[in-house]
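Each remark here refers to the structure printed beneath this line.
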Amino acid sequence: MFNYNPLDCLPSSAELPDSDNTPVDNELQILIPNLLLAILASIWQNRDDWFFGINMGVYHTPSKEAIVPDGFLSLGVERFVGENGRSSYVLWEEEGIPPILALEVVSQTYNGEYEQKKIDYAELGILYYVIYAPTRLRRKRQRLEVYRLVEDKYILQPGDKIWMPEIDLGIGREQGIYQGRMREWLYWYDEHGKRYSTPEEQLQNLLARLQQQGIDPNTL
Numbered sequence: 005m006f007n008y009n010p011l012d013c014l015p016s017s018a019e020l021p022d023s024d025n026t027p028v029d030n031e032l033q034i035l036i037p038n039l040l041l042a043i044l045a046s047i048w049q050n051r052d053d054w055f056f057g058i059n060m061g062v063y064h065t066p067s068k069e070a071i072v073p074d075g076f077l078s079l080g081v082e083r084f085v086g087e088n089g090r091s092s093y094v095l096w097e098e099e100g101i102p103p104i105l106a107l108e109v110v111s112q113t114y115n116g117e118y119e120q121k122k123i124d125y126a127e128l129g130i131l132y133y134v135i136y137a138p139t140r141l142r143r144k145r146q147r148l149e150v151y152r153l154v155e156d157k158y159i160l161q162p163g164d165k166i167w168m169p170e171i172d173l174g175i176g177r178e179q180g181i182y183q184g185r186m187r188e189w190l191y192w193y194d195e196h197g198k199r200y201s202t203p204e205e206q207l208q209n210l211l212a213r214l215q216q217q218g219i220d221p222n223t224l
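Per this note's numbering, the very first residue in the sequence shown carries number 5; after that it's consecutive.
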């Protein structure tokens with residue numbers, strides 16, 4: 005008897021382009037998602053059921069091109085896949101699980117973050133869509149806007165720090181230092197609105213505690 009598996013007819017992630025080949029035009033489009041990933045890797049270091057992609061193609065239909073968020077978070081999937089990791093995020097290789105959050109960092113070259121991408125992410129079923137405009141280029145727009153998908157439509161969530169119960173995290177913005185640069189960054193928060201510290205901050209706090217105990221970190 006012939007057993008037909010429809011997945012056999014679908015291209016694998018290795019056969020698909022890993023992005024849309026559109027270069028970023030602002031380094032914040034890389035730095036901000038990388039900071040969020042670094043914090044996640046710290047607070048969720050004992051979890052293996054999540055993946056955070058940066059400028060990676062998300063394939064939802066074989067006949068369509070990938071959607072490439074600046075960053076996205078998926079839950080309920082393997083954190084690590086193979087020795088070399090994912091080259092792209094392919095829904096039919098992820099048990100049909102779409103990202104639960106997509107992030108877009110608005111740059112000087114406007115790319116439809118408030119219109120077409122909102123439609124695309126809603127069709128994909130992404131629960132939270134986060135738009136951050138570092139320089140607030142568009143009038144009547146907040147620097148940080150977080151939308152939640154309700155009955156196939158994105159609803160803007162009020163507040164500066166938005167709690168997302170399905171993720172058990174909040175997201176917000178505030179001044180801080182990352183890679184030696186002082187500016188406003190995006191951060192994760194707990195349910196009480198307390199910001200999770202970055203790995204750099206954790207290291208500095210550890211060094212300070214050692215020095216308070218009379219221990220020279222350079223001798224360790």
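Note that CB positions come from ideal geometry on N, CA and C, so glycine has one too. Note that the coordinates shown come from a computational prediction; the quantities given were computed from them, not determined experimentally.
Counting Cβ pairs closer than 8 Å, one from the segment 192-201 and one from the segment 99-118, do we hit at least three?
Not touching, per the Cβ criterion.
Distance check for K165 and D24, CA to CA, integer angstroms please.
Residue placement at D24 is flagged as unreliable, the pLDDT there being 49, under the threshold of 50; a coordinate-derived value is accordingly withheld.
Buried or exposed, going by whether 16 or more other CB atoms sit within 10 Å of the CB of E108?
Within 10 angstroms of the beta-carbon of E108 lie 16 or more other beta-carbons, which makes it buried.
For Q33, which of helix, strand or coil comes out of DSSP?
Looking at Q33 - three-state DSSP - the assignment turns out to be helix.
Give me, in chain order, the residues of the same chain whose beta-carbon lies closer than 8 Å to that of F84; leave out the 5 immediate sequence neighbours on both sides.
Answer for F84: D52, listed in chain order.
If the criterion is Cβ atoms closer than 8 Å, does the pair L131 and R152 meet it?
Taking 8 Å as the Cβ cut-off, L131 and R152 qualify as a contacting pair.
Using DSSP with H/G/I as helix, E/B as strand and the rest coil, what is I123?
It is helical.
Selection from E98, E155, Y136 that minimises the alpha carbon distance to N30:
It is Y136.
Measuring alpha carbon to alpha carbon, tell me which residue in Y93, N88, V154, I36 is nearest W54.
Minimum Cα distance to W54 is reached at Y93.
Just the Cα atoms here: how many angstroms apart are Y191 and Y125?
Looking at the backbone, the Cα of Y191 and that of Y125 are separated by about 22 Å.
Going straight from the alpha carbon of D156 to that of Q146, what length do you get?
About 22 Å.
Under 8 Å, with one C-beta from each stretch per pair, do the segment 42-51 and the segment 66-73 reach the 3-pair mark?
Counting Cβ pairs under 8 Å, fewer than three are found: no touch.
Would DSSP call W48 helix, strand or coil?
W48 falls in the coil class under three-state DSSP.
I'd like to check one pair, L148 with R177: are the Cβ atoms closer than 8 Å?
Their beta carbons are under 8 Å apart, which means R177 touches L148 by this criterion.
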